[in-house]
Amino acid sequence: MLSAKMSAIQVVYYEGFTGRADAAARMLCESGTDFEWTMAPVANMTCKGGTELDCFAPPMIMDGEMKIGQSIAMAQYVGRKFGFSEGLDADKALQYMLDLEDLNTEFGKAKAAGMEEFKKFLDTDPCGDRVSGRFGMWLSNIERSIAGPFYFGAKPTYVDFQMMSMFGMMKGRGIDKLQAAGKVGDLLAAYPKVQAVYTGIASLESAARMPYSDVLPGGYLMSDEEVAAY
Ligand SMILES: N[C@@H](CCC(=O)N[C@@H](CS)C(=O)NCC(=O)O)C(=O)O
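For the sequence shown, counting from 1, position 143 maps to 139 in my numbering; every step adds exactly one.
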């Protein structure tokens, strides 16, 4: 339930994992901003979004009069307000976050289509069918987007935090378990700048103060059956 205390910033999401609230929460932690993690029973919150608010579903940020949903918009809002937008080009920043969102969506669709399709997407040479080798094509595009060590140079911006959130979800939904089982090699090995952004954000001091260490709930992680079928 939403608390009555409206002075502190509230991050509205679920219990036990950070999911799509990860980037905003990480920036709040890193900047030392106090916030409340407010549970959002899904039916309740989507109902509220559908009837009372102009944000549809969790995650949301409630910052006084400002109530904002959509993880990309939240990352931009929190990043601008709490010091993670220095030296950034806002138009390219939006493009890069939407690129990451598209990659994550395609990743989910390929996985939902079955392990044969997922294998084509993740680890096959491109052959012009819009699935085969698509993960590598996206990764090389993202690699070219990053100036290094972060997207826009020396300092992390909200795009880097959003990148960590999206890759955190893809790692949990397949990459980590497939690699641990020896089904794929290191899928990020050829992309040192991508790796540097991920580890750069993961090793910030904020990691120690996140409300939860899991990005995804157990049911969203790749299952042993899926690993075996891959
Ligand atoms: N595009 C939205 C997706 C939001 C979303 O899928 N929210 C999920 C949790 S991660 C949810 O609670 N959905 C409830 C609903 O759609 O009713 C974002 O990036 O924030």
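Every residue gets a Cβ at the ideal spot worked out from N, C-alpha and C, and that includes glycine.
Open item on the list: Considering Cα atoms alone, identify which of I5, I57, V38 and L84 is closest to A143.
Closed with: Within the sequence shown, residue 143 is the residue found at index 147, counting from 1. Considering only alpha carbons, the answer is L84.
Task: For V65, three-class secondary structure by DSSP - done: Taking the sequence shown and counting its residues from 1, the one referred to as residue 65 is at position 69. According to the sequence provided, residue 65 is Gly. The question's Val does not apply to it. Of the three classes helix, strand and coil, the one that applies to G65 here is strand, per DSSP.
Task: Short Cβ contact (8 Å threshold) for A71 with F31 - done: As a working note, residue 71 is residue 75 in the sequence shown. As a working note, residue 31 is residue 35 in the sequence shown. No, they are not a contact pair.
Open item on the list: Can you determine whether any heavy atom of ligand 1 sits closer than 7 Å to the C-beta of A53, and answer yes or no?
Closed with: Along the sequence shown, one-based indexing puts residue 53 at 57. A53: yes, Cβ under 7 Å from ligand 1.
Open item on the list: Tell me the rounded alpha-carbon separation between E112 and E221.
Closed with: Translated into positions along the sequence shown, residue 112 becomes position 116. Translated into positions along the sequence shown, residue 221 becomes position 225. Just so you know, the alpha carbons of E112 and E221 end up roughly 14 Å apart.
Open item on the list: Determine, for I142, whether the minimum Cβ-Cβ distance to residues of chain C falls below 8 Å.
Closed with: Protein chain content of the structure displayed is limited to a single chain, and chain C is not contained in it.
Task: Exposed unless 16 or more other CB atoms sit within 10 angstroms - verdict on S178 - done: Here residue 178 corresponds to residue number 182 of the sequence shown, with the count starting at 1. The residue you asked about is not Ser; residue 178 is Gly in the sequence shown. G178 is exposed by the Cβ-count criterion.
- [ ] Please report the residue range of the beta strand (DSSP E) in which T34 lies.
- [x] Reading the sequence shown from its first residue, position 38 is the one you call residue 34. F31 to M35 is the span of the beta strand (DSSP E), which, as asked, contains T34.
Task: Same chain only: Cβ atoms within 8 Å of G46, ignoring 5 sequence neighbours per side - done: Numbered from 1 along the sequence shown, position 50 holds the residue referred to as residue 46. Around G46: F52.
- [ ] May I ask you to report which of helix, strand or coil DSSP gives A0?
- [x] Mapped onto the sequence shown, residue 0 falls at position 4. Interpretation of A0 is limited by its pLDDT of 43, a score under 50 that renders its predicted location unreliable; no figure is taken from the coordinates.
TODO: Can you have a look at T195 and say buried or exposed, based on whether 16 or more other CB atoms are within 10 angstroms of its CB?
DONE: Walking along the sequence shown from the start, residue 195 turns up at place 199. Exposed is the call here.
Open item on the list: Considering Cα atoms alone, identify which of K116, F117, F157 and A106 is closest to F78.
Closed with: Along the sequence shown, read from residue 1 onward, the residue named residue 78 stands at position 82. When each option's Cα is compared against that of F78, the closest is F157.
- [ ] Could you round the C-beta distance between E97 and I68 to whole angstroms and report it? I think they count as a contact, below 8 Å.
- [x] Locating residue 97 in the sequence shown gives position 101, where the first residue counts as 1. Locating residue 68 in the sequence shown gives position 72, where the first residue counts as 1. About 7 Å; that satisfies the 8 Å criterion.
TODO: Below 8 Å CB to CB, which residues in the same chain sit around L217 once its five sequence neighbours on both sides are set aside?
DONE: The residue given as residue 217 occupies position 221 in the sequence shown. Counting only Cβ-Cβ distances below 8 Å, and skipping sequence neighbours, we find G168, R169 and K173.
TODO: Report the rounded CA-to-CA distance for K88 versus V155, giving the unit in angstroms.
DONE: For this step, residue 88 is matched to residue 92 along the sequence shown. For this step, residue 155 is matched to residue 159 along the sequence shown. Whole-angstrom Cα-Cα distance: 10 Å.
- [ ] Identify which residue in F146, D210 and D119 has its Cα closest to the Cα of M133.
- [x] As a working mapping, residue 133 is identified with position 137 in the sequence shown. Answer by Cα proximity: D119.
TODO: Indicate, with yes or no, if ligand 1 has a heavy atom lying under 7 Å from the CB of T153.
DONE: One-based indexing of the sequence shown puts residue 153 at position 157. Because no heavy atom of ligand 1 lies under 7 Å away, the Cβ of T153 does not count as near it: no.
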